[in-house]
Amino acid sequence: MKRIHADDAKQSTLIDFLPVIEGDPNDHNTIFTTLKECIRLSEDKVTIVTFDLPIWLNAVDIIKQANLPIIPRLGGFHLLKSYLGSLGNIMEDSGLLELIQLIYPGSTTANHILDGGCFDKAIRAHLLIDAAIYQHIMKHAFTEEELGEMRTLMKKVADGKMGARHTDPVVVVFERRFEEIFKRLPKGGRKPALWVQYHYMVDVIKIFIRTERLADHNGHLSRIVTRMLDIFAAVGHHQYVKGARLYCQLMKQLETLPAYKEIFKSFTSHGNHVVRYSSRDWSGTWCDICIEQTLMKAAKSEDGLSRGRMRNSDSGHRCWVLTLNHFSSVNQRMEEGVKKHGLLHRDLAKTQMKQDAEVIELVLKWFEEINPFKGVRSCLCLSQQDSQAQEMAQLMQREQLK
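In our numbering, the protein residues as written are 373 to 774.
Below, the structure written as structure tokens:
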């Protein structure tokens, strides 16, 4: 994607640390002090602040009561992590745990991924499993001529001979064929319907990340409303159902107010609601993940706030907090002098591509042996660890046949 969008250069974001306010983050006084300080630093102009959900709900109440000129945004990174946990909840005992263990051996990492943790590993695992689903389902859906046209197209994309706004006719053919097959599969029973639902949930993850990478503000909001809220409601994450719905309504409401029109115009036209580490177009990321990768990285590093002598020393703790914003720019400039960024993304490296291909082969073998897309009216437990549930499901199926 970086190669395709190479011509659509954007301005990178300046990242700096502000003075740290020591206090309980859930306390209304701490939140109010933070908001007032942000307004002061922005010279009483409209200020944009991003929070995680629990603090965001309190911040919205304070902003409304005090009538502060602030646009409170909900962190998309933590929203997506909660969505990943909801996905794992829905797919419990479906066999997804065993598939993840093929990619990351061991139960600890796999269970953590299903709970919404290990963000980068979770994204990689779900994308590879979804790629294997495509190959398993579509292996007999295309002729050799159509496959040859697609290979030619992919080679052009890899060589940088095709722009981001070009759509080849073969892509339309493939997309139509995908839709036809994935609409037909759920009619075979609840088990294939569950795995088709899994494919659509992973598709939401892809599009949600894409909207942030390309700084598509309207797509970001519509994806939450149309595809995420029902998943949160299905697994009982009522706080995120309430918070995400309120967030989308609040953004649409503020967009109509004259005082905020220019800000939201910069969101939709220039993508100023995201953080960009580089000038590439495919470089937008969530504000809250930027906090994790910069401020929290500094706090949790060696001799940081939570490690080393700063952890048990009040004087050292106070010194670190008071000097963080003063030395952050110096530290960043020192790091820039030693960082070497290649033009090739690490996921496109030959070693990584080889590992991904091997993992997809393992997942395909699992699909061939278990085949969750086989038409069965009952929704069987495919987890090998839960043998009692599997035996009970088989017994219920025999009773139905009698």
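Think of the CB as a built atom: it goes at the ideal place given N, C-alpha and C, for glycine as much as any other residue.
Return the bridge partner residues of residue i from the DSSP annotation.
i, result
"Ile-442", "Thr-419"
"Gly-656", "Arg-648"
How should residue i be labelled, buried or exposed, when 16 other C-beta atoms within 10 angstroms of its C-beta is the threshold for buried?
i, result
"Met-463", "buried"
"Ala-631", "exposed"
"Glu-547", "exposed"
"His-645", "buried"
"His-610", "exposed"
"Pro-444", "buried"
"Ile-509", "buried"
"Cys-620", "buried"
"Met-764", "Because Met-764 sits at a pLDDT of 42, beneath the cut-off of 50, its placement in the model cannot be relied upon, and the point is left open."
"Lys-382", "buried"
"Leu-386", "exposed"
"Val-735", "buried"
"Asp-388", "exposed"
"Val-346", "Here the chain covers residues 373 to 774 and nothing more, so residue 346 does not appear."
"Gly-478", "exposed"
"Pro-744", "buried"
"Thr-628", "exposed"
"Met-768", "Confidence at Met-768 is low in this model, with a pLDDT of 45, below 50, so the placement of that residue is unreliable and no value is reported for it."
"Gly-520", "exposed"
"Leu-694", "exposed"
"Cys-490", "buried"
"Thr-419", "buried"
Would you kindly report the start and end of the unbroken alpha helix (DSSP H) that includes residue i?
i, result
"His-450", "448-462"
"Leu-500", "491-510"
"Gln-665", "659-665"
"Lys-408", "400-413"
"Glu-740", "722-742"
"Gln-473", "468-475"
"Lys-555", "541-556"
"Thr-480", "479-486"
Is residue i near residue j, with beta carbons less than 8 Å apart?
i, j, result
"Ala-497", "Ile-485", "yes"
"Leu-407", "Ile-434", "yes"
"Ile-505", "His-571", "yes"
"Ile-403", "Ala-431", "yes"
"Ala-482", "Leu-469", "yes"
"Lys-494", "Leu-451", "For the record, residue 494 in the displayed sequence is Ala; it is not Lys. Contact flag unset, no."
"Gly-656", "Glu-584", "yes"
"Ile-472", "Val-731", "no"
"Tyr-612", "Leu-425", "yes"
"Ala-616", "Leu-446", "yes"
"Arg-595", "Val-568", "no"
"Ser-384", "Ser-650", "yes"
"Cys-410", "Val-421", "yes"
"Asn-461", "Val-607", "yes"
"Trp-658", "Gly-488", "no"
"Ser-466", "Leu-566", "yes"
Using beta carbons (cut-off 8 Å, strictly below), is residue i in contact with chain C?
i, result
"Gln-611", "No chain C is part of this structure, which consists of one protein chain only."
Let me know the alpha helix (DSSP H) ranges lying completely inside the segment 577-653, each 4 residues or longer, listed in chain order. 589-595, 601-607, 610-627, 633-642
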